[in-house]
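Protein chains in written order, with numbering that gives the first Met the number 0: chain A, 0 to 202; chain B, 0 to 321.
Here the structure comes first, spelled out in structure tokens, and everything after it is commentary.
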Amino acid sequence: MLITGIRSKPVYAPLQPDLGGRYHYMVGHGVGATPLVRLLGELRQALPAAMARTRAWYVTDPAATPGSAEALKATGIAELRTFGASDGLLADLTAAMRQALMGSRLYVAGPESFMGLVMRIADEFNLKKDEVRAEECGTLARRVHCIHCRASIENVRTNIVECACGRWLVVRDHYSRRLAAYMGVMVDAEAPGERPEIKEVFL
Amino acid sequence: MSQSHADTIRVRVAAIEQVTPQIRHFTFVPLDGGELPAFSGGSHVIVVMRGAQRVYRNPYSLMSSPQELDNYQISVLRVDPSRGGSAFMHEQVRVGSELEIAHPVNLFPLEKLARKHLLLAGGIGITPFMAQLHDLRLTHVPYELHYATRSPSHGAYGELIGRAEPQRARLYHDSDNRFIDIEGLLSQQPLGTHVYVCGPAGMITRVLESARALGWPDSHVHYEKFSPPPTGEAFEAYLERSGISVHVNPDQSLLEAIEAAGVDAPYLCRGGVCGFCRTDVVALEGELVHNDHFLSADEKASGKAIMPCVSRARCRKLVLNL
């Protein structure tokens, strides 16, 4: 069963400011503050006037990354909106996108399972590859979609995971942007009970 | 993709309407009856015109409804001075004339996932939008058309569009000193908008420059140029695989000269945008005159490739991989 080397697996790169953009919208989660602070510093150095058109949405994680909201604020960003959880951020971001104008760029930083939810909003607003940049940081834990019962399993760290439907799933690199999840496929369908060793692989 | 011009469609001219002093509107019906191939708004066809001296193949946007395939409609602006194609359509073609056309190709399609479409037309550049408006009326996606012409009498389809799209179309006439506020429009579009421009070269350039200055990414900016192949000095080209030399006259394109010599070279747009006719240059003594919008600056400088539909050469020797 092909589980790696699949082209739908998203590719990420260190964030760099797109100086061709007019409005710079940044979205981060927890450790994602570090690349955003660096990005804002580079933007301010290259194009100080652009700082007036910067906004960030940030999910704080005070236990893991204390002081990161303050660090973002200290960059001179025009507006910083902080949230205790992803849901609130995503709703607020969607409302802001409805008011946003062409010429905007979206920068996303954080764990992939969070970024996938932001990318889904970007797709909804028809943002293309030349308008969105993303840098992965933090946990590699995956959101897995059980292709049999269609449930979502959060924070999967292992190559094999048990779904609430009772099936054991192998976690593939096959990624769905629509579902913001990796596909989980029953691992022992042909030989019931025969499962490879379970290992922690997405750390 | 196969060479789309390999088999052509035979049509009869069912109607001709002189819509402005310079523009004629043609309705084609299939010679064999039945339906013509399906197309989407923004498509063009190549019309093959067999003149007394030479064959012209000019691209024209389909402007009829993609939902009605018993006929195709195009508009032809008489260009002055004409290289021959538009004059042929205006002078030689009559109701009842038979013509060959190539299958429709769409190099100017609407973006299916757009949140809004902003259509900017100048003069005869209205034609691809006429078909797209038919498609857009079937969607729930917002759209606006801004259509500029020199004067009301030059505006071929202003009245028609004004009636069909009273809310969504705005007409502008140079003669009233009313111009499209390109910057104003582009600076206020909601996220997910796509802009499409078809019109004179200067208008396209202004839209592309404004869009870039206002932060629009290239993926949301679409344009179609309909300029004829530029004229230039005569030159010779040797087609290595065919083993023949062709002479390119000053008012003839390299592609036309290749076709006149009986060599079936690939093409789709005949306007230097699609890249389909890209041909490798095997040897060159002199310089290429690149007139296309397809090759990158580096590729143009390398002298290793040419787009024969619009580009030429000033050379003692040119050998092509054809």
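Cβ atoms here follow ideal geometry from the backbone N, Cα and C, with glycine treated the same way.
Owing to the predicted nature of the structure, the values given are computational and were not obtained by experimental measurement.
- Under DSSP, B:Leu283 takes part in a beta bridge, and its partners are B:Leu317.
- Within the same chain, Phe128, Leu144, Tyr195 come within 6 angstroms of B:Leu118 by CB-CB distance, once the 5 residues on both sides are set aside.
- Contact annotation: A:Met185 and A:Arg171 have beta-carbon atoms that are not nearer than 9 angstroms.
- Segment contact: the region 107-119 of chain A against the region 128-137 of chain A, three or more CB-CB distances shorter than 8 angstroms; contact assigned.
- For B:Pro127, the uninterrupted alpha helix (DSSP H) run begins and ends at 126-136, by DSSP.
- For B:His219, the C-beta contacts it makes with chain A under 9 angstroms involve Met101, Asn125, Lys127, Asp129, Glu130, in order along the chain.
- Using a Cβ distance threshold of 9 angstroms, B:Arg56 and B:Ile45 count as a contacting pair.
- Here DSSP, grouped into helix, strand and coil, assigns A:Gly83 to coil.
- Within the same chain, and ignoring the five residues on either side of B:Cys268 in sequence, the residues whose Cβ sits closer than 8 angstroms to its Cβ are His43, Pro58, Val104, Leu106, Phe275, Cys308.
- Three or more Cβ pairs drawn from the region 133-150 of chain B and the region 161-178 of chain B lie within less than 8 angstroms of each other, which places the two stretches in contact.
- When secondary structure is reduced to three states using DSSP, A:Thr93 falls in the helix class.
- Against chain A, a Cβ distance below 7 angstroms from B:Pro216 picks out Lys127, Asp129, Glu130.
- When DSSP states are grouped into helix, strand and coil, B:Arg93 belongs to the coil group.
- Between the C-alpha atoms of A:Thr59 and A:Val30 there is a straight-line separation of about 9 angstroms.
- Taking 9 angstroms as the threshold, the shortest C-beta distance from A:Met182 to chain B does not fall below it.
- Beta-carbon to beta-carbon, A:His23 and A:Thr53 are separated by about 5 angstroms, close enough to satisfy the 8 angstroms threshold.
- Not a single CB atom of chain B sits nearer than 9 angstroms to the CB of A:Tyr106.
- Assignment of A:Ile2 by DSSP, reduced to helix, strand and coil, places it in the coil class.
- The alpha carbon of A:Arg43 has as its nearest neighbour, out of A:Gln15, A:Glu193, A:Thr93, the alpha carbon of A:Gln15.
- Within 7 angstroms of the CB of B:Thr192, the CB atoms of chain A belong to Met101, in sequence order along the chain.
- Annotated three-state conformation of B:Thr19 is coil, per DSSP.
- Chain A places no beta carbon closer than 9 angstroms to that of B:Arg169, leaving this residue out of the contacts.
- When the Cα atoms are used, A:Arg177 and B:Ala256 turn out to be separated by approximately 50 angstroms.
- Under the 9 angstroms criterion on CB atoms, B:Arg205 is classed as non-interfacial with respect to chain A.
- Nearest to B:Ala210 by C-alpha distance, out of B:His89, B:Pro229, B:Ser186, B:Pro227, is B:Ser186.
- The CB of B:Pro108 never comes closer than 9 angstroms to any CB in chain A; the least such distance is about 15 angstroms.
- Straight-line measurement puts the Cα of A:Val169 at about 46 angstroms from the Cα of B:Glu298.
- In the DSSP assignment, B:Ala147 falls outside any alpha helix (DSSP H) and lies within the beta strand (DSSP E) extending over 142-148.
- Excluding five sequence positions before and after B:His292, the CB atoms of its chain that fall closer than 8 angstroms to its own CB belong to Lys224, Gly271, Val272, given in chain order.
- One alpha carbon belongs to A:Val36, the other to A:Ala62, and they sit about 19 angstroms apart.
- In the structure shown, B:Lys115 falls within a strand segment according to DSSP collapsed to helix, strand and coil.
- Any Cβ of chain A closer than 9 angstroms to the Cβ of B:Pro127 would place that residue at the interface, and such an atom is absent.
- A residue is called buried when at least 16 other Cβ atoms come within 10 angstroms of its Cβ; A:Cys164 does not meet this threshold and is exposed.
- By the 16-neighbour rule on beta-carbons within 10 angstroms, A:Val160 is buried.
- For A:Met50, no Cβ of chain B is located within less than 9 angstroms of the residue's own Cβ.
- B:Leu109 sits away from B:Gln91, with the two beta carbons spaced by 9 angstroms or more.
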